[in-house]
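Letter by letter, the sequence shown follows residues 112 to 390 of this note's numbering.
Positions of the beta carbon are idealized from the N, C-alpha and C atoms, including for glycine.
The structure displayed is predicted, hence computed values, not measured ones.
Only one structure is covered here, and it is reproduced in the block below.
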Amino acid sequence: MSRNQDGRGKGKASSRKPARSNTKGFAKDNRFSKKKSQPKKTSNPDEIRLNKYIANSGICSRREADENIALGLATVNGKVITEMGYKVKPGDEVKFDGRRISPEPKVYVLLNKPKGFATTTAEGKGRTVMDLVANATNAKIKPIGRLGRNSLGLLLFTNDDEVVQKFTNSKTGVARLFQVELDKNLKFEDLKKIQEGFKVEGKLIAVEEVSYIQGESKNKIGIKIKNTGNTILRTIFDHLKYDIVKIDCVAIGHLTKKDIPRGHWKHLTTQEVNTLKML
């Protein structure tokens with residue numbers, strides 16, 4: 112056997128042994144063994160962090176929301192929350208700087224209401240206007256004001272509290288135009304009484320405008336009011352000894368029934384919303 116052969120043989124033997132030794136050592140070394148996985152904490156997917164809730168409502172960024180939360184500007188169910196990472200649960204009432212907020216996108220749905228539907232969000236009332244707009248959006252919209260079950264016409268739904276407040280403010284509310292059909296012709300002197308306003312049980316009854324409808328008989332009246340309901344119409348004509356045959360809301364501010372068949376609805380355009388907010 113030559114020295115070169117002997118050297119190669121020894122070199123091969125020595126190169127294998129450390130490899131086998133290292134492999135065995137790696138397998139036996141507990142430092143490299145896998146740790147048992149810890150069970151993950153379950154979270155409710157419907158809960159949302161308060162800072163994200165505020166940011167999604169369009170108030171400010173998440174970072175700014177954290178700063179405002181620390182200042183005590185946010186409340187949940189009437190309790191001031193300053194805890195970072197606090198999670199809001201479904202159904203919680205969240206207010207920022209005293210005003211209720213919602214992370215839902217603002218939605219505005221205009222319905223041309225038919226007869227036979229009650230204006231309510233309550234269940235157990237038979238057919239309601241909520242049935243008619245059920246497929247309009249997943250947002251929690253509600254009707255602004257009321258139309259009687261047998262009244263017709265335009266009804267606006269939204270989840271925008273700012274718009275709701277605009278309608279419910281008796282001084283700066285949004286005017287609605289009604290066409291009212293009476294059981295007999297309205298006397299001119301009674302038309303003047305409505306124009307001038309009068310008191311019923313000590314309460315002043317006043318409207319924005321009232322007139323006969325051009326080209327129609329004198330029992331069909333156009334009347335504009337800012338009240339959110341149509342009870343005032345019943346009050347007026349009951350006091351003057353007329354029976355109402357039909358009530359139809361034909362306009363809300365600048366919004367009309369054009370291209371909205373009876374029983375159908377539409378989403379307001381951005382321009383229509385902006386104009387509504389400027390009224």
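Distance between beta carbons of residue j and residue i, contact taken as under 8 angstroms
i, j, result
"G202", "R160", "Between R160 and G202 the Cβ distance is about 16 angstroms, and since that is not below 8 angstroms, they are no contact."
"T193", "I180", "6 angstroms"
"T232", "M241", "6 angstroms"
"I358", "L267", "Actually they do not touch by this definition, with Cβ atoms about 16 angstroms apart."
Where residue i falls: helix, strand or coil (DSSP)
i, result
"Y164", "helix"
"L302", "helix"
"K251", "coil"
"H350", "helix"
"L344", "helix"
"L243", "helix"
"V318", "coil"
"E194", "coil"
Residue i burial status per 10 Å Cβ neighbour count (16 or more: buried)
i, result
"K190", "exposed"
"A176", "buried"
"V356", "exposed"
"P254", "buried"
"V291", "buried"
"N261", "exposed"
"G256", "buried"
"S168", "buried"
"G264", "buried"
"G284", "buried"
"F309", "exposed"
"R287", "buried"
"N223", "buried"
Residue interval of the alpha helix (DSSP H) (run including residue i)
i, result
"R181", "This sequence places Ala at residue 181; Arg is not what is there. 173-181 is the extent of the alpha helix (DSSP H) around A181."
"L387", "381-389"
"F278", "272-279"
Residue span of the beta strand (DSSP E) that contains residue i, given as start and end
i, result
"I334", "331-336"
"K368", "Run containing K368: none; DSSP gives neither H nor E here."
"V220", "219-224"
Closer than 7 angstroms: residue i CB and nearest the ligand HEM heavy atom
i, result
"N249", "For the structure depicted, the ligand HEM is absent and the ligand set is empty, with no information on it obtainable."
Inset, instruction - Mind the definition here: the segment 336-346 touches the segment 293-304 only if three or more C-beta pairs lie below 8 angstroms; say whether that holds. - result: no
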